[in-house]
Structure formats: C-alpha cells, structure tokens
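Every letter in the sequence shown is one number past the one before it in the working numbering, and letter 595, counting from 1, is 668. By construction, the Cβ of each residue, glycine as well, lies at the ideal position given by its N, Cα and C atoms.
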Amino acid sequence: MDKYQVLKQYFGYDSFRQGQEKLIDGILSGRDVLGIMPTGSGKSLCFQVPALLLGGITLVISPLISLMKDQVSALNQAGVHAAYLNSSLTASQYYRALAYAREGRYPIIYVAPERLLTEEFLDFALHVRISMIAVDEAHCVSQWGQDFRPSYLKIVEFIRRLPVRPVVSAFTATATREVREDIIDILMLQTPEVVATGYDRPNLYLEVRSPRDKYGALKGYVEQHAGQCGIVYCLTRRLVEEVCQKLIKDGFSVTRYHAGLSDEERRKNQDDFIYDRASIMVATNAFGMGIDKSNVRYVVHYNMPKNLESYFQEIGRAGRDGEPSDCLLLYGGQDVVTNQLFIENNQENEALDPQARSLIMERDRERLKKMTFYCFTNECLRDYILRYFGEYGSNYCGHCSNCLSQFEETDVTEIARGIVACVENCRQRYGATVILDTVHGANTVKLRNYRMNENPSYGSLAQTPVYRLRQVMNYLMLKEYLTVTNDEFAIVKLTEKSREILDGEKPVMMKLAREQERTGKGAGEKGTGEKGAGTKKGRRSVGGADFSSREESLFEKLRLLRMETAREEKVPPYIVFSDKTLTHMCIVKPRTRAEMLSVTGVGEYKYEKYGERFLACISQALKEQPGEETETVKKG
C-alpha cells in the first residue's frame, strides 16, 4: 500500500492538499519535519498517513485530552486502530491500553507530554519499536509562543532515552520567526524539512465591530445564524456566565465552559456541543484548543483577546471543513484594561527566572498593542493578520468588513496636530483618555486634579466628536506618530515622527468609512452597519454557487440521518461525515458504490459502515423531488 492508497482507503480523499505531500515524503524518507499550517489545512494527515506506512508505533504528543479523544475517535471510525494515554483513563484502562500497545494493536498512540517520563510509559517505550514521534501544537515548546507548556520540554529528554532515535515531526498553526527557530532548536530537529503553507484562511469572513450594546449585537448575530454551530469567547468566567444565561433566557441552544466549572460539568458541556446537543458554546479561551469539530460556522469574540496568535488560533475553530464561516470581534475599550491586568498577574510565568519573566511580560504587552491596532485599523483585516505573521498581500481581500466598506481619504491634520501638541504640552505624563478629555475640554475631577484644564491644549478640539478624536489617536499610534509605554499605566509618548506633525511637514490623511459619518454611532463604533454580509445566511453554497432548494432539502435529510447514525455509534456527528462531505453528496447525488466513493471524505471503510444507508436516503429523496442531475469535480 502506498500513500495515495492510504489517503483514499482510510480518509476518503483522492489528492493531497498544499504542503501535505512534501511533509509526508520527508517523513517516509527518514527526515525530521516541521509543518506550519493553518487550522483546518489537514496537519494531522501529515503524520497519520506515514504512521500507517512506517511500521512500528507513531507516538503523537498532544497537550489536550479533547484533541486526543477527537482524533482517536476519527481514526477508529476510519478503520485505523488508535489509542490515547492520558489522565482521563482509570489505572486499569491505562495498563490495558499499554498491554494492547505492546502487542502491536495500535500503529498510532496519542500521549500527553506529562506521561513521557513516567516509569510505566518509559518501560513500554524502551521495549517497542517507535518509528516516529509527532509533536502536535509544537509552539507550546517555546517561551515566546502564546501557549508555552513547560511539560513540552520533557520531549527531548524522552527522545534521548530511546535506544534508537525515531523520526521527529512537529506541527503548529501559529509560529512567528522566533517560535519557529525555538521549535527547531529545542526539539533538536535534524536538518528538518520545513513547510509553511501560509496563514490565510480564505473561507473565513473577518469583521470587527465596536457596538454600544455588546449583548444586543451578539443576540442579533446568533439570530442571523439560527441552526448553526458557533463559539462565543469571553475574557472572564463572570462574562461567560452572564452571556450564557442571557442567551438561554432568549431561547438559544447554548452551554458554557470555563476553568471554574467542575471537571464533570466541563466534560458534559463540551460533549453537548461536540455532539450537537447544544448549538452554541460560550467559553473562555480554556475551551477549544484541539477541538476538531468541523461544522463550527462562526466564532464570536465578545472581547478582544490578548494577542493575534491567540485570536488566529481561536478563529481557526470556525470552518475547519473549508466551508464559508464567519469571525466577528466585538471590541470595547475595557478589553485592553482587562488584558493588561491578565499580563501583570500571569501566574504561568512564575516558574521562570525574573529576567525571562520580565522579557515575556514586555513581549506580551507589545502583542496586546498589535492586537488592539487590529481592532482600530481601516486597512484589510486579513492582510493585517498575514503581515503580522510575515506574509504580505495586496491589502485587499474582498472578504472582510473593512474591504467591503466604502472608505474615503480624509484630511485629519489639524486633529492630529492638536492631539500631539497636547502630549508635548503635558510633558508626556498621561494616558490616552486624559489626552483626549483634555483636547475635547471635558470637565472632570481627574483633569482638575492633574491641572490639565490649565493646559494650553485644553478644549482645542472641543468641536470634534470624541469618537473621531479616538479614531485619530489610534491611527497616530498605528502609524507610530505616537507610542504607548509597555506598563500598566500606558503613558502616551512622542516618537521621532511626532515632529513631522507638529512642524506641519506633511498632511495627515486617514481612511474613514463613509457610514461612520452617520449620526447614532457610539464612540469609536466601527462596522455596526450591514457592511459585509459574511456567509450567505440560510443558503448553502459550493464553489460560489448557491444550493438549489432541492439540494438544500437533501442536505437536511442527510444531516438528520447523520445525527441518527452518530447516536447509534456514540460519536459526534461530524466524525461520521463532515458537513463538507454531506455538501458534496448533495452535488454528486451518488446512486452507486463507485459514485459514493468519489465523494470527498468517503473512504472504503466508511462506505462499508454507512454507505448503503446514505445511498438509500439520497435515492428516496430524489424520488420524492425529481429534478435535473448535476455533477461536480472532487477535490480531496
């Protein structure tokens, strides 16, 4: 059996996606590899396919129980014997799994990094043939990564203890240049084949809003996405509880997840979401890493996350099947303050020496600044993210709220000069709020205490709306005419470029959305109109073509059959077949075994288990609604 036969028989695909084949070929030739591929691009196939060809055992090191369960369940459904070893197993289950592994029953075993150096696991590893070690979420090995896990540092010691060094493969969705170098150095990858397929997820629609009423905006949004699965991320446990209760009261199918719940409740709530018993998950960022649920149609951030790495990883949980999905960020000024507090009180870095901890905190503050700029920019949102990760595009994607807004160049020179002059006049001692209140002429106790009401700039821009002042202030920071200190007080400072504005060397031109000129928008409110419809609501599409009503009806029948089948098998519905596979069935409308096997995601093993049932469903639906047949070209 070769790699193509494995791909087709077990996973149901005819061809590899970008980057997969190069990584697989590297592993099969005995080389270490590093794959940097966005969520949903098929990283797991890069180690699962060679694992079935190498012989021996492939150990997949993963940080999360949920990821292990998901991938092992999917492999078993595809006809591949796999197991996981983590703290969710009882002692008897753990030893039984190790015994089966010694007998050679499992070509793929998932293991938590904390288990690697335990006596029982080491004894097992030293007496079996380990052909490959695959390190998933490899950015966890780096102190500069957003999810640094000290337990990942045990991997190298574990490899050193093995009698024969196996091939080592590492995979992650997010890695800046420093993190990439760290992964190679710390895991001691030997002349690795490095493949980075790019960070773009073209199926994701990106949008930022700054509504006055966040919950009202969220409620309207989930109503638009009725019947679809979505995740709502909140910064704090309190907000998770508050938002979840409001959604339940308003009649939505919703559950919640955060670290304050018991292990049992977290497990139950996560299963309710994965098994489609609840459509919406409201959670802190403790939820989702490694969740393989393929039919999440939207991710809403109720608050701005702490950095772009986290944001990119979290929105990556939408549209893992490649189908159109939406990502909405609801920004509020308090989000910055909350994230600053998290950075200052980060307990995860306590184990580091003071110098390293200080460097990481400084890096975290800089990341927060870049994340904040994302919420302010009027440039292409997709291009902003890609540039952050070192990729450069055209600054127009046509599939984000900014690209779909009508902007016009506006001269904001006088406003910019007034703001910069105020920073200079107060000798760079205060934060953004004090500066803006001063130029606007606010009558507050704080300004009187600071004697800013006596500042020459006081009231100099009294006729300019506060939201416009804040927009220009944000723009000046984005373009480095001003900067903010990386500490809890966030003091606004001048830069080398500030003098260009004060001396009037050149005009300051800023892109502003025309719709923001309307009355009724709140301070800094952005994108609350109808710009950018995102995915087509209520209509499914393939390759840009809308489903017919007949195909929509067939999809719903197949979805119901998938749910029934999943309940019988006691697995999540997307493990049976993904939405993408059901969508392809609706286009192909297979009548025979051969035609069903041409559907993306239908391998031989799954056909033997489910194929006839789904063929019968399609046949019955076509009899009830006869119409013109259509064909499509399959892509794996």
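Thinking just about the alpha-carbon of each residue, which of the options is nearest to the one in residue i?
i, options, result
"Val122", "Ser139, Lys76, Ser135, Asp323", "Lys76"
"Asn727", "Phe415, Asp105, Val355", "No answer is possible for residue 727: the residues shown for the chain start at 74 and end at 709."
"Gln93", "Tyr404, Gly271, Pro427", "Gly271"
"Met525", "Gln536, Pro538, Leu509, Thr537", "Leu509"
"Tyr294", "Asp399, Gly577, Ala429", "Asp399"
"Ala147", "Leu118, Tyr173, Tyr167, Thr665", "Leu118"
"Cys495", "Ser478, Gly532, Asn516, Asn522", "Gly532"
"Met354", "Thr328, Leu312, Arg178", "Thr328"
"Gly674", "Asp652, Asn342, Ser622, Leu688", "Asp652"
"Val493", "Trp217, Ser571, Arg250", "Ser571"
Can you tell me the Cα-Cα spacing of residue i and residue j, whole angstroms?
i, j, result
"Gln413", "Arg438", "7 Å"
"Phe480", "Cys470", "15 Å"
"Arg500", "Val581", "23 Å"
"Phe84", "Glu192", "35 Å"
"Thr445", "Leu627", "44 Å"
"Arg440", "Ser161", "34 Å"
"Lys679", "Leu125", "17 Å"
"Asn451", "Val369", "27 Å"
"Asp365", "Val557", "39 Å"
"Ala356", "Thr486", "43 Å"
"Lys142", "Arg234", "27 Å"
"Ala248", "Val133", "19 Å"
"Tyr461", "Phe231", "34 Å"
"Asp196", "Ile181", "18 Å"
"Val545", "Gly491", "11 Å"
"Arg202", "Glu625", "50 Å"
"Glu338", "Lys319", "19 Å"
"Gly577", "Gly514", "24 Å"
"Leu277", "Gly504", "35 Å"
Near residue i, what residues of its chain come up, given a Cβ to Cβ distance below 8 Å and the 5 sequence neighbours on each side ignored?
i, result
"Pro136", "Ala185, Pro186, Asp209, Glu210, Cys213, Asp220, Arg222, Ser224, Tyr225, Met362, Gly363"
"Thr601", "Low confidence applies to Thr601: its pLDDT is 38, below 50, so where it sits in the model is not reliable, and the reading given next is rough at best. Once the five neighbours on either side are set aside, the close Cβ partners of Thr601 are Arg282, Ser283, Pro284, Ala290, Lys594."
"Thr483", "Met582, Met583, Lys584, Leu585"
"Asn468", "Glu452, Cys453, Asp456"
Taking the beta carbon of residue i as the centre, do at least 16 other beta carbons fall within 10 Å, making it buried, or is it exposed?
i, result
"Leu520", "buried"
"Gly128", "exposed"
"Ala694", "buried"
"Val237", "exposed"
"Met669", "buried"
"Lys566", "exposed"
"Ser692", "exposed"
"Gln407", "exposed"
"His200", "exposed"
"Phe120", "buried"
"Pro646", "buried"
"Tyr384", "buried"
"Asn418", "exposed"
Where does residue i fall in DSSP's three states?
i, result
"Arg632", "helix"
"Arg329", "strand"
"Val514", "Position check: residue 514 holds Gly in this sequence, whereas Val was assumed. Looking at Gly514 - three-state DSSP - the assignment turns out to be coil, as it is neither helix nor strand."
"Gly108", "strand"
"His472", "coil"
"Leu403", "strand"
"Ile564", "coil"
"Cys495", "helix"
"Phe480", "strand"
"Gly289", "helix"
"Lys584", "strand"
"Met205", "strand"
"Cys302", "strand"
"Tyr371", "strand"
"Leu688", "helix"
"Leu509", "helix"
"Phe120", "helix"
"Glu603", "At Glu603 the pLDDT is 36, less than 50, meaning the model places this residue with poor confidence; the figure from the coordinates comes in the next sentence. Looking at Glu603 - three-state DSSP - the assignment turns out to be coil, as it is neither helix nor strand."
"Leu312", "helix"
Give me, in chain order, the residues of the same chain whose beta-carbon lies closer than 6 Å to that of residue i; leave out the 5 immediate sequence neighbours on both sides.
i, result
"Leu454", "Leu279, Cys473, Asn475"
"Lys287", "Leu403"
"Gly115", "Arg90, Gln93"
"Ala618", "Since pLDDT at Ala618 reaches only 48, below the 50 mark, its modelled position is unreliable, and the value read off the structure follows with that caveat. Answer for Ala618: no residue qualifies."
Beta-carbon within less than 7 Å of residue i's beta-carbon, same chain only, minus the 5 sequence neighbours each way: which residues are those?
i, result
"Leu262", "Asp105, Leu107, Val241, Ala243"
"Ile257", "Leu107, Pro265"
"Leu190", "Lys227, Glu230, Phe231"
"Leu551", "Phe446, Phe449, Thr450"
"Ala269", "Ile109"
"Lys696", "none"
What I want to know is whether the C-beta of residue i ends up closer than 6 Å to one or more non-hydrogen atoms of the ligand GTP.
i, result
"Ala356", "Within the structure as shown, the ligand GTP is missing, as the structure has no ligands at all."
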